[in-house]
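Residue numbers (this note's numbering): 6 to 443. No residue lacks a Cβ here, since even glycine has one placed at the ideal position from N, Cα and C. Some notes on the structure that comes next.
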């Protein structure tokens with residue numbers, strides 16, 4: 006993910022995580038296990054104090070409704086340290102958590118050998134909630150070989166966010182139905198204003214991923230094998246190259262220049278889920294309040310998907326826990342309780358992966374930052390169109406090759422075609438995987 010000031014979910018999560026001094030942990034004041042009397046204590050490891058606000062409230066709700074015979078001790082690590090220690094302690098067989106937050110890009114490291122997480126599938130089926138989840142966001146990121154090893158509450162439905170004030174002044178019409186239509190509007194916009202309708206990052210796979218997943222593309226097939234040079238993936242990258250060549254799209258500016266471009270309207274559109282179109286913009290561009298609106302992402306063909314999903318953190322239960330059943334019961338409760346999930350909407354404006362929760366009127370209120378648009382209605386409309394996707398033990402190798410050998414040279418060099426770049430990325434990725442698997 007990029008190191009520039011452009012939106013990067015991982016950088017948001019790292020910055021939100023509690024900082025530890027000398028590797029120590031920060032506890033939230035819950036009593037340690039030896040002080041719980043007859044009740045046992047489950048340890049919940051996290052890397053973000055902002056993310057667990059809703060989970061702590063969900064735990065209080067769980068205690069009210071279920072009267073459990075255990076307590077939860079909440080511990081916050083720095084991002085990297087937490088994910089490292091989950092693996093180390095699970096291999097040691099003790100000293101680790103019962104429950105842990107696992108960020109989407111970290112999951113692959115835990116499925117390269119013996120699986121350390123409990124399978125949630127049977128309990129989800131027993132509760133009859135599998136079909137009530139938007140699974141591409143709720144379970145796909147933490148699924149391997151048909152087994153579900155984590156569940157996420159963040160729907161992360163991707164939308165197109167545009168500066169309606171800039172668009173209106175330029176005579177652009179929204180919503181734009183297809184990517185071809187978007188290109189035509191982009192050409193007009195650039196010809197009239199010398200500005201750009203959209204940027205394309207060269208060191209970040211996010212936009213490419215959104216456009217590819219719309220076409221059922223992505224990093225892997227259902228066997229976890231990299232598919233970087235698939236037709237859908239090549240088509241997405243070639244579209245970006247053509248936009249830059251034709252002048253209506255631009256390479257993403259570095260650093261603060263990107264924020265400035267969005268603030269001034271010299272880049273008039275962005276893509277992404279709520280942590281980008283809402284979290285990033287409200288944090289970095291508060292002066293643009295009321296100047297944004299949202300629409301479905303343009304389709305590649307009539308009837309095609311108008312959205313995707315990007316990012317997420319799931320909750321997993323460790324096999325080494327002495328209370329696996331109790332841990333699973335709480336984790337699934339917090340992800341299938343509308344009341345619990347609304348806590349995260351109140352704290353972080355996160356729309357949930359649990360379908361029934363989207364019927365709550367709280368999630369469809371007009372939002373002033375988006376010119377009083379009812380964003381929740383739009384999210385509910387397009388979320389069923391998020392395509393299924395697959396994870397793999399080779400996530401870091403594949404995403405790294407995608408950026409370094411695929412996206413970066415293709416975006417930065419006019420004489421490198423999308424097909425050439427992604428063929429090279431696929432070859433490099435396969436070479437690394439073959440070496441590691443030898």
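According to the neighbour-count rule (16 or more other Cβ atoms, all chains shown, within 10 Å of its Cβ), is residue i buried or exposed?
i: residue 418; result: exposed
i: residue 143; result: buried
i: residue 32; result: Here the model assigns residue 32 a pLDDT of 34, short of 50, so the residue's position is not dependable, and the following value carries that caveat. The residue in question, residue 32, is exposed, as its Cβ has fewer than 16 Cβ neighbours within 10 Å.
i: residue 150; result: exposed
i: residue 102; result: buried
i: residue 440; result: exposed
i: residue 204; result: buried
i: residue 136; result: exposed
i: residue 148; result: buried
i: residue 303; result: buried
Grouping DSSP H, G and I as helix and E and B as strand, with all else coil, what is residue i?
i: residue 124; result: coil
i: residue 392; result: coil
i: residue 143; result: helix
i: residue 410; result: helix
i: residue 359; result: strand
i: residue 204; result: strand
i: residue 432; result: helix
i: residue 166; result: strand
i: residue 197; result: helix
i: residue 158; result: coil
i: residue 77; result: strand
i: residue 106; result: strand
i: residue 1; result: Outside the displayed range of the chain (6 to 443) lies residue 1, so it cannot be described from this structure.
i: residue 177; result: coil
i: residue 225; result: strand
i: residue 230; result: coil
i: residue 321; result: strand
Beta-carbon separation of residue i and residue j under 7 Å?
i: residue 255; j: residue 167; result: no
i: residue 374; j: residue 298; result: no
i: residue 145; j: residue 305; result: no
i: residue 156; j: residue 320; result: yes
i: residue 438; j: residue 162; result: no
i: residue 159; j: residue 317; result: yes
i: residue 266; j: residue 278; result: no
i: residue 324; j: residue 123; result: yes
i: residue 388; j: residue 139; result: yes
i: residue 313; j: residue 427; result: no
i: residue 242; j: residue 423; result: yes
i: residue 215; j: residue 164; result: no
Under 7 Å, Cβ to Cβ, is there at least one residue of chain B near residue i?
i: residue 221; result: Considering every chain present, this structure includes no chain B. It has just one protein chain.
Of the residues the options, which one's Cα is nearest the Cα of residue i?
i: residue 49; options: 70, 56, 71, 81; result: 81
i: residue 380; options: 429, 362, 301; result: 301
i: residue 190; options: 328, 252, 161; result: 252
i: residue 106; options: 413, 65, 340, 414; result: 340
i: residue 84; options: 125, 64, 368, 55; result: 55
i: residue 334; options: 53, 93, 100, 104; result: 104
Entirely within the region 241 to 266 and at least 3 residues each: give me those beta strand (DSSP E) ranges in chain order.
254 to 256
Any beta strand (DSSP E) of 3 or more consecutive residues that is wholly inside the region 261 to 304:
274 to 277, 297 to 300
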